[in-house]
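Enquirer:
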Ligand code: 4AD
Ligand code: MG
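Residue numbers (the numbering used here): 393 to 859.
1. With a floor of 3 residues, list each beta strand (DSSP E) that falls wholly inside the segment 724–752, ordered by position along the chain.
2. Measuring straight from C-alpha to C-alpha, what distance separates residue 606 and residue 846?
3. Rounded to a whole number of angstroms, what is the C-alpha to C-alpha distance between residue 732 and residue 599?
4. Assuming the contact rule is C-beta atoms closer than 8 Å, residue 460 and residue 433 should be a hit. Round their C-beta distance to whole Å, please.
5. Please classify residue 644 as buried or exposed, where buried requires at least 16 other C-beta atoms within 10 Å of its C-beta.
6. Excluding the five sequence neighbours on either side, which residues of its own chain have a C-beta within less than 7 Å of the C-beta of residue 612, listed in chain order?
7. Looking at residue 431 and ligand 1, is the gap between the Cβ and the nearest heavy atom below 6 Å?
8. Confirm, please, whether the CB-CB distance from residue 439 to residue 420 is below 7 Å.
9. Considering only C-alpha positions, which residue in the set 483, 663 and 563 is nearest to residue 785?
10. Apart from the five residues just before and just after residue 490, which ones in its own chain have a Cβ nearer than 6 Å to its Cβ?
11. Once you ignore the five residues that flank residue 667 on each side, which residues in its own chain have a CB closer than 8 Å to its CB?
12. Buried or exposed, going by whether 16 or more other CB atoms sit within 10 Å of the CB of residue 608?
13. Decide if residue 558 is buried, meaning its Cβ has at least 16 other Cβ atoms within 10 Å, or exposed.
14. Using DSSP with H/G/I as helix, E/B as strand and the rest coil, what is residue 496?
15. CA-CA distance, residue 584 and residue 853?
16. Within the chosen definition, does the segment 821–835 reach the segment 507–526 through at least 3 CB pairs nearer than 8 Å?
17. Rounded to the nearest angstrom, what separates residue 447 and residue 457 at their Cα positions?
18. Can you confirm whether the segment 776–785 touches the segment 730–747 when touching is taken to mean that 3 or more C-beta pairs between the two stretches lie within less than 8 Å?
19. Inspect the beta-carbon positions of residue 762 and residue 799 and report whether they are closer than 7 Å.
20. Consult DSSP for residue 836 and reduce its assignment to one of helix, strand or coil.
21. Is it right to say residue 718 is buried, meaning 16 or more other beta carbons lie within 10 angstroms of its own, or is it exposed?
22. With respect to the alpha helix (DSSP H) encompassing residue 669, which residues constitute its N-terminal and C-terminal limits?
23. Report the start-end ranges of each alpha helix (DSSP H) in the segment 576–636 that is 4 residues or longer and not cut off at the edges.
24. Could you pull the start and end residues of the alpha helix (DSSP H) that residue 403 belongs to?
25. With a 10 Å radius around its C-beta and 16 neighbouring C-beta atoms as the bar for buried, classify residue 826 as buried or exposed.
26. Less than 8 Å between the CB atoms is what I'm expecting for residue 453 and residue 435, so what's the real figure, rounded?
27. Confirm, please, whether the CB-CB distance from residue 398 to residue 418 is below 7 Å.
28. Suppose you measure from the CA of residue 861 to the CA of residue 797; what does that come to, to the nearest Å?
29. Within 10 angstroms of its Cβ, does residue 841 collect 16 or more other Cβ (buried), or is it exposed?
30. Measuring alpha carbon to alpha carbon, tell me which residue in 771, 614 and 702 is nearest residue 747.
31. When the Cα of residue 630 is compared with those of 486, 604, 532 and 402, which residue comes out closest?
32. Where residue 395 and residue 401 are concerned, what is the direct C-alpha to C-alpha distance, given to the nearest angstrom?
33. Based on the DSSP secondary-structure assignment, which residues constitute the bridge partners of residue 407?
34. Counting along the chain, where does the alpha helix (DSSP H) carrying residue 443 start and finish?
35. Could you please give the first and the last residue of the uninterrupted beta strand (DSSP E) stretch that includes residue 778?
Encoded structure:
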């Protein structure tokens, strides 16, 4: 017999009407079980299709009732029975079980690490392979998957092409030196000739790394295909143990040709609104869960994102706003210094009370590829900041003028390594722009989950690469 998803049984009204009082079969894992004195067991079963669990009512008369009585949380089962209208609160239908087949028991139930209902997120981080069985992590996984789907659809609907940019690279896009080395050389055993100057013995015969961003490769494709995006894992060996940083995270990076910073900001705003609108419309069960359990203001805050235009300020104005705030910030505020997380959060939470786009940062605190503004001091950069997180998007108009980009790459060795990137400016250059949206920061924003380690299935952070 074909087993329907539990989500379908519980929420698809047409399906329910068609199958009411019929024999159906469902499969899943027991979320909870309760036995009444009268000899009836109430079993809540979940299969991950939604946050909702279906109730199966198993009477004493079942031949294996003595086995059913021993069922604990986490046991996998198949239940066959009649779909009936539910007398109980919270669900329209339930199953009157005629047969309960146990597929997999919980060995040593007293040692099952997630048997109890409530655990701290910190405890669950130690069990990344099991935490997905909880309501919270199931809801995060479904939202993450649905948002990824919306992102791909958004770009396809808008004429973008998806480009798979490489994960192994020889360039440091951001120039921040936060690179993981990729090598097949055993440095511990090799003699001291395996120095940074000598990679001839290494797999690629040159120094290679895990990519920090697919941007530069995306630019190459953009300058022939006009509208492209890359969406993949990126890696940063930055030693920041914060609730916003991962060593391995996913990034969405569109790149558009014949476009300036304003077009870029418009794309960022349209994309974020499309994602938020999608989640409000299509992920309401999971969103309600987060609103009830994690952050009461979540749904309202997300709804407001759709209502108004994102606030836009320049970096120079942002510095003035921060100075005037008279807040006792930990880090200094001075034109030329980078904005810290506390400053970003003030701008988005207190000043704008919603997403804000900060543009035109001093050139010395931003990457070499950002387009130099006419003032000679700032670059056409933009960061999108959101409440609770701070920076969620970083992007810029790219420097398309060969002589200007040359003046920004003073280092001759680097200029040689980037000769292919210079080619893009030498041969048919056009104004173009793009940005990177941190996917886990987005998931954190949408779910209200405060720690980014809970927004990716198997987080990698300094000192931790479990499983
Ligand atoms: O601002 P970033 O460093 O920009 C770039 O990498 C550009 N090359 C993107 C582009 O223009 N195509 O990173 C972009 C976004 C940040 O705004 C943030 O959301 C996320 O990536 N991000 C991180 N997310 C989790 N952990 C980290 N360590 C992150 N570093 C950046
Ligand atoms: Mg940035």
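We treat Cβ as the ideally placed atom computed from N, Cα and C, and that holds for glycine.
Expert: Quick look at the numbers:
1. None, since the segment 724–752 contains no complete beta strand (DSSP E) of that length.
2. Translated into positions along the chain shown, residue 606 becomes position 214. Translated into positions along the chain shown, residue 846 becomes position 454. Counting only the Cα atoms, residue 846 lies some 24 Å from residue 606.
3. Translated into the one-based positions of the chain shown, residue 732 becomes position 340. Translated into the one-based positions of the chain shown, residue 599 becomes position 207. C-alpha separation (whole angstroms): 32 Å.
4. The residue you call residue 460 lines up with position 68 of the chain shown. The residue you call residue 433 lines up with position 41 of the chain shown. Rounded, the Cβ-Cβ distance is 5 Å, consistent with contact.
5. Position 252 of the chain shown holds residue 644. Residue environment for residue 644: buried (at least 16 other C-beta atoms within 10 angstroms of its C-beta).
6. As a first step, residue 612 is located in the chain shown; it is residue number 220 there, counting from the start. Closer than 7 Å at the Cβ level, and outside the excluded window around residue 612, lie 816.
7. If you number the chain shown from 1, residue 431 lands on position 39. Remark: the C-beta of residue 431 is outside contact range of ligand 1, defined as less than 6 Å to any heavy atom.
8. The residue you call residue 420 lines up with position 28 of the chain shown. The residue you call residue 439 lines up with position 47 of the chain shown. Result yes, Cβ atoms of residue 420 and residue 439 sit closer than 7 Å.
9. Within the chain shown, the letter at position 393 stands for residue 785. Comparing Cα-Cα distances from residue 785 to each of 483, 663 and 563, the minimum goes to 663.
10. Along the chain shown, one-based indexing puts residue 490 at 98. These residues qualify, in order along the chain: 472 and 473.
11. Here the question's residue 667 lines up with position 275 in the chain shown. The beta carbon of residue 667 lies closer than 8 Å to those of 539, 542, 543, 546, 834 and 838 in the same chain, with the five residues before and after it left out.
12. Here residue 608 corresponds to residue number 216 of the chain shown, with the count starting at 1. So residue 608 ends up on the buried side.
13. For this step, residue 558 is matched to residue 166 along the chain shown. Counting of Cβ neighbours within 10 angstroms places residue 558 among the exposed residues, the total staying below 16.
14. Residue numbering aside, residue 496 sits at position 104 when the chain shown is read from its first letter. DSSP places residue 496 in strand when its eight states are reduced to three.
15. Against the chain shown, residue 584 aligns to sequence position 192. Against the chain shown, residue 853 aligns to sequence position 461. Note that residue 584 scores 49 on pLDDT, short of 50, meaning its location in the model is unreliable and no value can be drawn from it.
16. Short answer: they don't touch.
17. As a working note, residue 447 is residue 55 in the chain shown. As a working note, residue 457 is residue 65 in the chain shown. So the alpha carbons of these two residues sit roughly 17 Å apart.
18. As far as the Cβ criterion goes, the segment 730–747 touches the segment 776–785, which means the pair count is three or higher.
19. Your numbering for residue 762 matches position 370 in the chain shown. Your numbering for residue 799 matches position 407 in the chain shown. Their beta carbons are not under 7 Å apart, which means residue 762 does not touch residue 799 by this criterion.
20. The sequence position of residue 836 within the chain shown is 444, counting from 1. In this structure, DSSP gives residue 836 a helical state, which the three-state scheme calls helix.
21. Locating residue 718 in the chain shown gives position 326, where the first residue counts as 1. By the Cβ-count criterion, residue 718 is exposed, with fewer than 16 other Cβ atoms from all chains shown falling within 10 Å of its own Cβ.
22. As a position in the chain shown, residue 669 is number 277, starting the count at 1. First-last of the alpha helix (DSSP H) with residue 669: 653–674.
23. Entirely contained in the segment 576–636, the alpha helix (DSSP H) runs reaching 4 residues are, in chain order, 607–617.
24. Start at 1 with the first residue of the chain shown, and residue 403 comes out as number 11. Note, residue 403: alpha helix (DSSP H), 398–403.
25. In the chain shown, the residue the question calls residue 826 occupies position 434. Burial call: buried.
26. Sequence index remark: in the chain shown, residue 453 carries index 61 (1-based). Sequence index remark: in the chain shown, residue 435 carries index 43 (1-based). No, residue 453 and residue 435 are not in contact; Cβ-Cβ is about 15 Å, not under 8 Å.
27. On the chain shown, position 26 is the one that residue 418 refers to. On the chain shown, position 6 is the one that residue 398 refers to. Yes; because the gap between Cβ atoms is below 7 Å, this pair is in contact.
28. Since the first residue of the chain shown is 393 and the last is 859, residue 861 is not available in this structure.
29. In the chain shown, residue 841 corresponds to position 449, counting from 1. By the neighbour-count criterion, in which a residue is buried when 16 or more other Cβ atoms sit within 10 angstroms of its Cβ, residue 841 is buried.
30. Numbered from its first residue, the chain shown carries residue 747 at position 355. Comparing Cα-Cα distances from residue 747 to each of 771, 614 and 702, the minimum goes to 702.
31. By one-based count along the chain shown, residue 630 stands at place 238. Nearest option by C-alpha distance: 604.
32. Here residue 395 refers to the residue found at position 3 of the chain shown. Here residue 401 refers to the residue found at position 9 of the chain shown. Distance between the alpha carbons of residue 395 and residue 401: 10 Å.
33. Taking the chain shown and counting its residues from 1, the one referred to as residue 407 is at position 15. For residue 407, which the question treats as bridged, DSSP gives no partner whatsoever.
34. Translated into positions along the chain shown, residue 443 becomes position 51. Premise fails: residue 443 is in no alpha helix (DSSP H) and is neither H nor E.
35. Taking the first residue of the chain shown as 1, we reach residue 778 at position 386. Taken as a continuous stretch (DSSP letters only), the beta strand (DSSP E) holding residue 778 covers 770–778.
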